[in-house]
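S.K.: After the structure tokens below, expect a handful of questions from me.
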Amino acid sequence: MIDISASVMQYLLAFTVAAPLLGAAAALLPAPPGLKGRSPGQAVLRHGVTVTGAVLAAAVVLALGFDHDAPARFQATTDISWIQALNVRIHLGIDGISLPLLVMTALLFFLCALYSYFKLPAGPSPKAFVALLLVLESGTLATFAVLDLLLFFLAFEMVLIPMYFLIARWGGDQRRAAAWKFILYTLLGSVVMLLGLLLIGLNAGTFDMVALATDNGRELTHTTQILAVLAIGTGLAVKTPMWPLHSWLPAAHTAAPTVGSVLLAGVLLKMGTYGFVRILLPVTPDGMRTFAPYLGAFAAVGIVYGSLACLALARKGSKGDLKRLIAYSSVGHMGFVLLGIATMTPTGVNGALFANIGHGLITGLLFFLVGALKDRYGTSDLDTLAGATGAALYGRAPRLGALLAFAAVASLGLPGLAGFWGEMLALFGAFDPADGLSRPAFLTYMAIGGFGTLLTAAYLLIVVRRVCMGEHLPADPEAHPEARPDHLPAPLADVHGYEFAAWTPLVALTVLAGLWPAVLLGLTDPAVQKLLAGGNA
Amino acid sequence: MTAQPLAAADLVQSVDWAAIAPPLIAAAVGLAVLVADLFVADRKKALLGRLATAGLAGALVALLPLRAGDRSTFCLTTDPAACSYVADDFTLVVQFLVLAGALVTALLSVTLAEEGRLPAGEYWFLLLSATAGAALLPASRDLATLIVALEVASLPAFALVGMRRGDRMSSEAALKFFLSSVTATAVSLLGVSFVYAATGSMHLGRIADGLEHVPAALDTLAMAGVALTLIGFAFKTAAVPFHFWVPDTYVGAPLPVAAYLSVVGKAVGFTGLVLVTVLAFPAYSDVWGPALAVLAALTMTLGNAAALRQATGRRHSAVRLLAWSSVGQAGYLLVPIAAAAYGGRDQIGSTVAYALMYAAVNLGAFAVVALVARSAPGNRIDDYRGLYARRPFAALSLAFFLLCLAGLPPGIVGLFAKVAVFRSAVDAGLGWLAVVMAVNVVVALYYYLQWTAVLFRAPEPDAEQTEASDSAPAAPGPRIPVPVPVTVAVALTAAVAVALSGAPQLILRFATGTLFPQ
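Heads up: the sequence lines are chains A and B, in that order. Per the working numbering, the very first residue in the first sequence carries number 41; after that it's consecutive. Per the working numbering, the very first residue in the second sequence carries number 447; after that it's consecutive.
Printed below as a string of structure tokens:
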């Protein structure tokens, strides 16, 4: 949109990846004079906001300077040799597929830093919190910006340690077990993924994603492709997470602090699906074609499984935790993304990428809201919250209730909001999958997925009914004595200013992406067309 | 070695003193320290430690003029290609590893010796002799020199292990180490004699030629010789099933000696293994290739499984964990050697690169353990709880070392060293070994991470009566000052590990180039 010279773009991209890392190192040092703030904690939290803000600004400028007429071309590229022995190059670049993810990541991190500035989760020092958050940001941004397989792996792994500590140190109940489960699951997956990446790199003679994508798997034998897809796919599927490899996710989400949940759902899960699109689709198309029906089947099962799990949790008397419920709903939503990828058609993959962004915005918002709810009530247990008739959020904190209802209907895929287009396109892609894929199978998946949308609507509406509605009366103390220590009808604190600041951008973008999907699709579509055609289109 | 009648001029070998300087300096300084010990007054014993450290530094400097990697000496006058001492790239890299490792060990032990907890004269003499042997070994190109070097490297090590006077565990450890090592050497010598009988030569290059056409009658003898020779070196590397001495020996030995054994001792075994397999026995690669591959798989699996089972509250659990983890790491180091049987001798470059990484970070980990052991002699992993609050620098360094060993970012060099090893396995078609290793890497991550997590946990509330806030520097009891040399050792290894993480090419270039002259 605006003309920025190539070298400036290059520096901007390098800055977005490197700045958080440098910021993390700086966060550990004592604050320089003049920036001491009111207290060391406040100073370092402000530092976090500043750095993530600068990175967001750089990402926005990158998006503005991005040549929107050629989103299929890699822009802002840097390509320097790093480890000659392994032929690893520091190759950075963005195209229409990675740019939206990059901007969304930078945005979510900024919002999380802002939110934490006012509401730091209980735990050890804020210094370590900010440093870990920034390392996490660097790793996720690098994942979307690198174009070298081994560098991708490095970035993919880089997020584990900070996320582990964020859950294990700043989390809620059961946090140690959840953190262990998270890291061991992901590690097991990613080591297998490393073997697959090596298999590709050694057989094709290069780790460069652009070269590999252009080659479109012609250098690789069918057996190699199958093994590679199996190995890499497993690693990515754990991260995504694909049913039945998802069981780390609910535990991690339930235990993580609000900010951790937002980032986990909003950003970390996207790394898995991004890997599918960026690596497996273009580099090993034959292998993908073999496994696509199975991937589609797992995705379809995941959609229904996630929804049924949510329905069970939302039922009265099932002691369902709201955070766990949203985590399971993520399994369902990511099922749509995987289904879109499995169709191997431009429509499906575009839908998958759209659903990625939609899910990041909406589920990020949902986790923020549930975190706020938990702060106010001291619990996120749905039964305790709802009591006998419902939590009556509309009456007690109308703005919070309205936002929750908004996020819920966005999540169930109401047309006009961001959740709709991705899922619709994914299902649409399944209606007419790529040549060589079994159409009846995908039609079945589509039907199952469609049924899943109904279930999704059902549980989200139940949640809205139980949390937002209900009798707003001076409650009888024996019905819910411990949950409301302040005793009704004292109104709950409604949305604070900083919460508005952190949530408004997400709401606005959800509406924008829902009403004007061309913003995103215009970016992704040319890149996806090129990707599926082997870089020749 | 050659029994032909020769003219007098042919008998005289010219010695390239510069080429043999590194082991020679170590040995000479060792002797000088031993003699000086007799004449130096008790209160000036500290000088001996400085002298020994300076000697090791000098030996390192002596490597510089050799860096072209084209020197050789003690060659047969009748065949200048058959030399007993060769300073090629492989030799120089391993000598650097050995001498630098010994230097860090020396830094760790200076204070212990000055405090009189180690007998100064003997300790430095033994350390330098062992180092001289270890530095000689990679340069040896005939079996006799190889065995002599191996013995020079091991014999002082037995005494070093038993150095903690009056400690029953220390003597027991030394005895265990000694008995099992001597048995292995005897077996290895038997193997060498078989090989000599089958080929009629001691020089590795000539053995390689000789083994290509062994008479059918001697084939079994040659094969047995190859197998027995390898067993001796496998013991030194602490490969399963020759690993049982490791934990007790490490725990019984003084900490710096345990560090030395885990790095330099292991380097000795691997160098010997590389030399005999790749240079002398390539003809029998179909025998030792699969054997080493299985050995590698067993070693890493058993080592990691045992490390996983270490209870964190047990006495010496920190050292025990490092001991078992070093067994597991030995398994990774064996992988490229096994791959060399299938993919050619250049594969062992990955072993060298991995060994360099391992040496730096493992010594670093031991250095931090030595530092912590000063205030918590129990050496339990639980003692590390809240180390970050007490000593942030030491805790961050240890975390970094452990993550390098685990191969997880930010320990980038560990990750890429593992990638190099994976690559050699995949290259050689040992896919199953790569998968076994992958599983092991994950298992190992568990205990490395567990230890890392302990470092950052809040200090135990009952240990300190003061406020539980972690921003306040919690110091239970009087803060024990850290000796400068130990700090230097930690800083040095941490700096190396960080530098290598930024530029892994520094060591990984060995994984692609060829280390032996063709």
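A virtual CB, placed ideally from N, CA and C, is assigned to each residue, including glycine. As the structure is a computational prediction, the values presented were derived from the model and not from experiment.
Pull the bridge partners of I130 of chain A from the DSSP assignment, please.
M.R.: DSSP lists A:I120 as partners of I130 of chain A.
S.K.: List, in order along the chain, the chain A residues whose C-beta lies closer than 7 Å to that of I827 of chain B?
M.R.: Those within 7 Å of I827 of chain B in chain A number zero; the least Cβ separation is about 16 Å.
S.K.: By the criterion of Cβ-Cβ separation under 7 Å, what are the contact partners of Y892 of chain B in chain A?
M.R.: Ordered by position in chain A, the residues that pass the 7 Å Cβ test against Y892 of chain B are L224.
S.K.: Could you please give the first and the last residue of the uninterrupted alpha helix (DSSP H) stretch that includes S478 of chain A?
M.R.: Counting along the chain, S478 of chain A falls outside any alpha helix (DSSP H), and DSSP gives it neither H nor E.
S.K.: Can you list the residues of chain B that M198 of chain A reaches, using a CB-CB cut of under 8 Å?
M.R.: Here the neighbours are P855 and P856.
S.K.: Looking at the secondary structure, which residues open and close the beta strand (DSSP E) in which A533 of chain B lies?
M.R.: Per DSSP, A533 of chain B belongs to the beta strand (DSSP E) from C529 to A533.
S.K.: Residue ranges of each alpha helix (DSSP H) run of no fewer than 4 residues wholly in the segment 695-774 of chain B, ordered along the chain?
M.R.: Taking only runs of at least 4 residues, the alpha helix (DSSP H) segments lying wholly in the segment 695-774 of chain B are 701-706, 712-720 and 731-754.
S.K.: Between R610 of chain B and A699 of chain B, what straight-line distance do the alpha-carbon atoms span, to the nearest angstrom?
M.R.: Taking the straight line from one Cα to the other gives about 7 Å.
S.K.: Is the CB of A909 of chain B under 9 Å away from at least one CB in chain A?
M.R.: The pLDDT assigned to A909 of chain B is 46, lower than 50, so where the model puts this residue is not dependable; a value taken from the coordinates is nonetheless given after this. It does not: the Cβ of A909 of chain B has no partner Cβ on chain A nearer than 9 Å.
S.K.: Report the rounded CA-to-CA distance for L572 of chain A versus A448 of chain A, giving the unit in angstroms.
M.R.: Each residue's alpha carbon lies about 34 Å from the other.
S.K.: A472 of chain B and G501 of chain B look like a contact to me (Cβ under 8 Å); what is the Cβ gap, rounded to whole Å?
M.R.: Yes, they are in contact, since the Cβ atoms of A472 of chain B and G501 of chain B sit about 6 Å apart, within 8 Å.
S.K.: May I have the straight-line CA-CA distance separating V389 of chain A from V344 of chain A, to the nearest angstrom?
M.R.: Computed Cα separation, rounded: 20 Å.
S.K.: Mind reading off the beta-carbon distance from G489 of chain A to F316 of chain A? Whole number of angstroms is fine, and I expect it under 8 Å.
M.R.: Rounded, the Cβ-Cβ distance is 17 Å, inconsistent with contact.
S.K.: What residue range does the beta strand (DSSP E) around T524 of chain B cover?
M.R.: Here T524 of chain B belongs to no beta strand (DSSP E), and DSSP marks it neither H nor E.
S.K.: Using the rule of at least 16 other Cβ atoms within 10 Å of the residue's Cβ for burial, across every protein chain shown, is P643 of chain B buried or exposed?
M.R.: The question names Pro, yet the displayed sequence has Ala at residue 643 of chain B. Looking at its Cβ environment, which holds fewer than 16 other Cβ atoms inside 10 Å, A643 of chain B is exposed.
S.K.: Given a cut-off of 9 Å, decide if G430 of chain A and V507 of chain A are closer than it, judged by their beta-carbon atoms.
M.R.: Yes, Cβ-Cβ distance for V507 of chain A and G430 of chain A is below 9 Å.
S.K.: Given this structure, state the Cα-to-Cα distance separating K490 of chain B from A769 of chain B, to the nearest angstrom.
M.R.: If I take the Cα positions, the gap works out to 35 Å.
S.K.: Residues in the same chain with beta-carbon distance under 6 Å from K221 of chain A, minus the five sequence neighbours each way, listed in chain order, please.
M.R.: These residues qualify, in order along the chain: W288 and A291.
S.K.: Anything in the segment 936-963 of chain B with a Cβ closer than 9 Å to a Cβ of chain A? List those residues in chain order, please.
M.R.: Listed in sequence order: A949, P950, Q951, I953, L954, R955, F956, A957, T958 and G959.
S.K.: Can you name, in chain order, every residue of its own chain whose Cβ lies under 8 Å from the Cβ of L538 of chain B, other than the five neighbours on each side?
M.R.: Answer for L538 of chain B: L509, L512, R513 and G515, listed in chain order.
S.K.: Helix, strand or coil for Q115 of chain A? Go by DSSP, reduced to three states.
M.R.: Residue state, collapsed to three classes: strand.
S.K.: Given a limit of 9 Å on CB to CB distance, which residues of the segment 107-124 of chain A reach chain B?
M.R.: Correct list: S121, W122, I123 and Q124.
S.K.: With distance defined between alpha-carbon atoms, name the residue in B:C529, B:V710, B:G608 and B:G678 nearest to L545 of chain B.
M.R.: Among B:C529, B:V710, B:G608 and B:G678, the Cα nearest to that of L545 of chain B is on B:V710.
S.K.: Under 8 Å, with one C-beta from each stretch per pair, do the segment 462-477 of chain A and the segment 377-386 of chain A reach the 3-pair mark?
M.R.: In short, these stretches touch, since the Cβ pair count reaches three.
S.K.: So is L239 of chain A in contact with chain B if we call contact Cβ pairs under 9 Å?
M.R.: It does; some Cβ of chain B falls within 9 Å.
S.K.: Taking Cβ positions, are R614 of chain B and S530 of chain B nearer each other than 9 Å?
M.R.: Cβ atoms of R614 of chain B and S530 of chain B: not closer than 9 Å.
S.K.: DSSP three-state call for S915 of chain B: helix, strand or coil?
M.R.: Per-residue confidence for S915 of chain B stands at a pLDDT of 40, beneath the threshold of 50, marking its modelled position as unreliable; the derived number appears in the next sentence. DSSP places S915 of chain B in coil when its eight states are reduced to three.
S.K.: Mapping DSSP to helix, strand and coil, what is D109 of chain A?
M.R.: Coil at D109 of chain A, not helix or strand.
S.K.: For R869 of chain B, go through chain A and note every residue whose CB falls closer than 9 Å to its CB, in chain order.
M.R.: In chain order: L126, L238, G241 and L242.
S.K.: Of all the options B:V814, B:L946 and B:A478, which has the alpha carbon lying nearest to the alpha carbon of I575 of chain B?
M.R.: According to the sequence as given, residue 575 of chain B is Ser; it is not Ile. Nearest C-alpha to S575 of chain B: B:A478.
S.K.: Relative to the C-alpha of L606 of chain B, which residue among B:A729, B:A705, B:T523 and B:A585 is closest?
M.R.: Closest by alpha carbon: B:A705.
S.K.: Please give me, in chain order, every unbroken run of the alpha helix (DSSP H) with length at least 4 that falls completely inside the segment 270-348 of chain A.
M.R.: Counting only runs of 4 or more, we get 288-295, 298-303 and 309-315.
S.K.: Taking only three categories from DSSP, how would you classify H373 of chain A?
M.R.: Looking at H373 of chain A - three-state DSSP - the assignment turns out to be helix.
S.K.: If T496 of chain A and L452 of chain A are in contact, beta carbons under 8 Å, what's the gap, nearest whole angstrom?
M.R.: About 5 Å; that satisfies the 8 Å criterion.
S.K.: Can you have a look at Y204 of chain A and say buried or exposed, based on whether 16 or more other CB atoms are within 10 angstroms of its CB?
M.R.: By the neighbour-count rule (16 or more Cβ atoms within 10 Å), Y204 of chain A is buried.
S.K.: Within 10 Å of its beta-carbon, does K30 of chain A have 16 or more other beta-carbons around it, so buried, or fewer, so exposed?
M.R.: Within the shown structure, residues of chain A are numbered from 41 to 577, placing residue 30 of chain A beyond reach of any answer.
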